[in-house]
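S.K.: So that we are looking at the same thing, I have put the structure below in structure tokens.
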Amino acid sequence: MKMVFRWFGSNDDSITLEQIRQIPGMTGVVSALQDIPVGEVWPLDRIMALKKEVNVAGLELEVIESVNVHEDIKLGLPERDRYIENYKETIKNLSKAGVKVICYNFMPVFDWLRSDLAYELEDGSNVLYYNEEAIKGTDPVSLVEEYQSGSKGFSLPGWEPERLAELKRIMELYKDVDEEKLFENLKYFLENIIPVCEEYDVKMAIHPDDPPWSIFGLPRIITNKENLERMVKLVDSPYNGLTLCTGSLGVNPDNDIPELIRYFGKMGRVHFGHIRNIKIISPGHFHEVSHLSSDGSLDVFEIMKAYYDIGFEGYIRPDHGRMIWGEEARPGYGLYDRALGATYLNGLWEAINKISAK
Ligand SMILES: [Mn+2]
Numbered sequence: 000m001k002m003v004f005r006w007f008g009s010n011d012d013s014i015t016l017e018q019i020r021q022i023p024g025m026t027g028v029v030s031a032l033q034d035i036p037v038g039e040v041w042p043l044d045r046i047m048a049l050k051k052e053v054n055v056a057g058l059e060l061e062v063i064e065s066v067n068v069h070e071d072i073k074l075g076l077p078e079r080d081r082y083i084e085n086y087k088e089t090i091k092n093l094s095k096a097g098v099k100v101i102c103y104n105f106m107p108v109f110d111w112l113r114s115d116l117a118y119e120l121e122d123g124s125n126v127l128y129y130n131e132e133a134i135k136g137t138d139p140v141s142l143v144e145e146y147q148s149g150s151k152g153f154s155l156p157g158w159e160p161e162r163l164a165e166l167k168r169i170m171e172l173y174k175d176v177d178e179e180k181l182f183e184n185l186k187y188f189l190e191n192i193i194p195v196c197e198e199y200d201v202k203m204a205i206h207p208d209d210p211p212w213s214i215f216g217l218p219r220i221i222t223n224k225e226n227l228e229r230m231v232k233l234v235d236s237p238y239n240g241l242t243l244c245t246g247s248l249g250v251n252p253d254n255d256i257p258e259l260i261r262y263f264g265k266m267g268r269v270h271f272g273h274i275r276n277i278k279i280i281s282p283g284h285f286h287e288v289s290h291l292s293s294d295g296s297l298d299v300f301e302i303m304k305a306y307y308d309i310g311f312e313g314y315i316r317p318d319h320g321r322m323i324w325g326e327e328a329r330p331g332y333g334l335y336d337r338a339l340g341a342t343y344l345n346g347l348w349e350a351i352n353k354i355s356a357k
């Protein structure tokens, strides 16, 4: 297991590489070229510059999150072939810089979604919060406007301004795309890119939909065991794998996270683990919490134990944290609570390792 930390780059993150380097056990960052428009090729020189910056700080850059997939690919529009060719070039360039895993998602229009970006908990910290009723009472455009005013000046992943401008038009186009069609379009994408991944030794790791159910009538397919299985079989290659995000899948109590880690991990299809805890209040109603098992609905010990038992050698990062100690940062991505999360995960791992050796 290699512990890594998400970092949005020196121009778009309140956290420095030096700070990340000081978190015990941290081996690298997970980053991206946030400013490259979706669908365009990531230039090699820009990737190399990012790699150098990260390496100079004493950290590795072996995981990219995300190389976003152009909406035309998800919609299956004729222009998709051009964007797929660009995606292949980006894979090749990332490979040249030593990148091993690309995290991506196949969620129509929206990336992760919440109804409140700063819901206050009893201890005075604040967290991302989701209430299905609040989402139902709004529309996509007003939600996005609210997000932009609540993101403290940082751009939210998956909510790039150039995508938002087209929001209404794209929502319209999805009227013809159901779950079957979306699976078909994902298969087309993977059939084209996986041979390149095999040749260049870069593993694709799809991120589950967050939350794992349909929103605003849009189809969502990376949601449960059955669909994850269908996903990995679309192209039967170890390069077609998963980012197993405990918080995304875990808000549906039918998803048994340790079981999913063991099942897909033994298959060799889990390349990247996102670990965070969430508290389910009622169906369709949850908020995020610290990583500690007793604070939320997930058993983080059992999650680490599952990773340990399968002999996991991939990458793990603490996922969203609370905003604590007065920190002002991108919602979900403050330094302090994610650093505490990483330390907790490392502590669990050490304990499991030492007890298992006895
Ligand atoms: Mn995640």
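Residue numbers are given in numbering that gives the first Met the number 0: position 47 of the sequence shown equals residue 46, and the series is strictly consecutive. Every residue, glycine too, gets a C-beta built ideally from N, C-alpha and C. Quantities reported herein were computed from a predicted structural model and do not represent experimental measurements.
(1) For the candidate residues Y314, Y86 and K224, whose alpha-carbon lies nearest to that of A341?
(2) Does the beta-carbon of G27 have 16 or more other beta-carbons within 10 angstroms, so that it is buried, or is it exposed?
(3) Would you say D298 reaches chain B, if we count a Cβ-Cβ gap shorter than 8 Å as a contact?
(4) Residue ranges of each alpha helix (DSSP H) run of no fewer than 4 residues wholly in the stretch 176-219, ordered along the chain?
(5) Pick helix, strand or coil for M47, following the three-state DSSP scheme.
(6) From M266, E78 and I221, pick the residue whose C-alpha is nearest to that of N377; which is it?
(7) Report the rounded CA-to-CA distance for S293 versus D122, giving the unit in angstroms.
(8) When the Cα of P67 is compared with those of N85, E59 and V53, which residue comes out closest?
(9) Whole angstroms are fine: how far does the CA of V234 sit from the CA of E190?
(10) Which residues in the same chain have their Cβ closer than 6 Å to the Cβ of I134, if we skip the five residues on either side of it in sequence?
(11) Return the chain-ordered list of same chain residues with a C-beta closer than 8 Å to the C-beta of N92, the five sequence neighbours on each side being excluded.
(12) Helix, strand or coil: which one does DSSP assign to R261?
(13) Which residue marks the beginning of the alpha helix (DSSP H) containing M361, and which one marks its end?
(14) Rounding to the nearest angstrom, what Cα-Cα distance links T137 and E131 in this structure?
(15) Beta-carbon separation of K202 and K304 under 8 Å?
(16) Should E178 go down as buried or exposed, given a rule of 16 or more other Cβ atoms within 10 Å for buried?
(17) Grab the span of the alpha helix (DSSP H) containing R79 for me, first residue to last.
(18) How far does the beta strand (DSSP E) with E64 in it extend, from its first residue to its last?
(19) Whether or not the stretch 203-216 and the stretch 237-251 are in contact is what I'm after, with contact meaning three or more pairs of Cβ atoms, one per stretch, closer than 8 Å; do they touch?
(20) Would you mind reading off the limits of the alpha helix (DSSP H) that contains L116?
(21) Three-state secondary structure (DSSP) at F105?
(22) Which stretch, first to last residue, makes up the beta strand (DSSP E) that contains E301?
(23) Looking at C-alpha atoms only, which residue of E327, C196, V231 and K278 is the closest neighbour of P97?
(24) For ligand 1, I want to know if S289 counts as a neighbour, meaning its beta carbon is within less than 7 Å of at least one of the ligand's heavy atoms.
(25) For ligand 1, is there a heavy atom less than 7 Å away from the beta-carbon of G246?
(26) The alpha helix (DSSP H) spanning G346 covers which residue range?
M.R.: The short version:
(1) Here residue 341 refers to the residue found at position 342 of the sequence shown. Checked all of Y314, Y86 and K224; the closest Cα to A341 is Y314.
(2) Along the sequence shown, one-based indexing puts residue 27 at 28. Its Cβ being crowded by 16 or more others within 10 Å, G27 is buried.
(3) Looking for chain B here will not work: only one protein chain is present.
(4) 178-199
(5) On the sequence shown, residue 47 is found 48 positions in, with the first residue counted as 1. In this structure, M47 counts as helix in the three-state DSSP scheme.
(6) It is not possible to answer for residue 377, since the shown part of the chain is limited to 0 through 357.
(7) Numbered from its first residue, the sequence shown carries residue 293 at position 294. Numbered from its first residue, the sequence shown carries residue 122 at position 123. The straight-line gap from Cα to Cα measures roughly 15 Å.
(8) To locate residue 67, count along the sequence shown from 1; it is residue 68. The question names Pro, but residue 67 is Asn in the sequence shown. Cα-wise, what sits closest to N67 is N85.
(9) Taking the first residue of the sequence shown as 1, we reach residue 190 at position 191. Taking the first residue of the sequence shown as 1, we reach residue 234 at position 235. Spanning the two alpha carbons is a distance of roughly 6 Å.
(10) Position 135 of the sequence shown, counted from the first residue, corresponds to residue 134. Excluding sequence neighbours, I134 sits near S114.
(11) Counting from one through the sequence shown, the residue named residue 92 turns up at place 93. For N92, where only same-chain residues beyond five positions count, the Cβ hits under 8 Å are V40, W41, P42, L43 and I46.
(12) Here residue 261 is taken as the residue at index 262 of the sequence shown, counted from 1. Note: R261 maps to helix in three-state DSSP.
(13) The chain is shown from 0 up to 357; residue 361 falls before or after that span and cannot be answered.
(14) The residue labelled residue 137 in the question sits at position 138 within the sequence shown. The residue labelled residue 131 in the question sits at position 132 within the sequence shown. Cα to Cα, the separation comes out at about 10 Å.
(15) On the sequence shown, residue 202 is found 203 positions in, with the first residue counted as 1. On the sequence shown, residue 304 is found 305 positions in, with the first residue counted as 1. No.
(16) The residue given as residue 178 occupies position 179 in the sequence shown. Label assigned to E178: exposed.
(17) Taking the first residue of the sequence shown as position 1, residue 79 is located at position 80. R79 -> alpha helix (DSSP H) spans R79 to K95.
(18) The count along the sequence shown starts at 1 and reaches residue 64 at position 65. Looking at the DSSP string, the run of the beta strand (DSSP E) that includes E64 is E59 to E64.
(19) yes
(20) Walking along the sequence shown from the start, residue 116 turns up at place 117. Careful: L116 lies outside any alpha helix (DSSP H), inside the beta strand (DSSP E) at D115 to E119.
(21) As a first step, residue 105 must be located in the sequence shown, where it is residue number 106. Reduced to three states, the DSSP call for F105 is coil.
(22) Taking the first residue of the sequence shown as 1, we reach residue 301 at position 302. Unbroken run through E301 is the alpha helix (DSSP H), V299 to D308; no beta strand (DSSP E).
(23) Indexing the sequence shown from 1 puts residue 97 at position 98. First, the residue type needs correcting, since residue 97 is Gly and not Pro in the sequence shown. Minimum Cα distance to G97 is reached at C196.
(24) As a position in the sequence shown, residue 289 is number 290, starting the count at 1. No; taking the cut-off as 7 Å, the Cβ of S289 has no heavy atom of ligand 1 nearer than that.
(25) Residue 246 sits at position 247 when you count from the first residue of the sequence shown. Yes, since a heavy atom of ligand 1 falls inside the 7 Å radius drawn around the Cβ of G246.
(26) Residue numbering aside, residue 346 sits at position 347 when the sequence shown is read from its first letter. It spans Y335 to A356 - the alpha helix (DSSP H) in which G346 sits, taken as one unbroken run.
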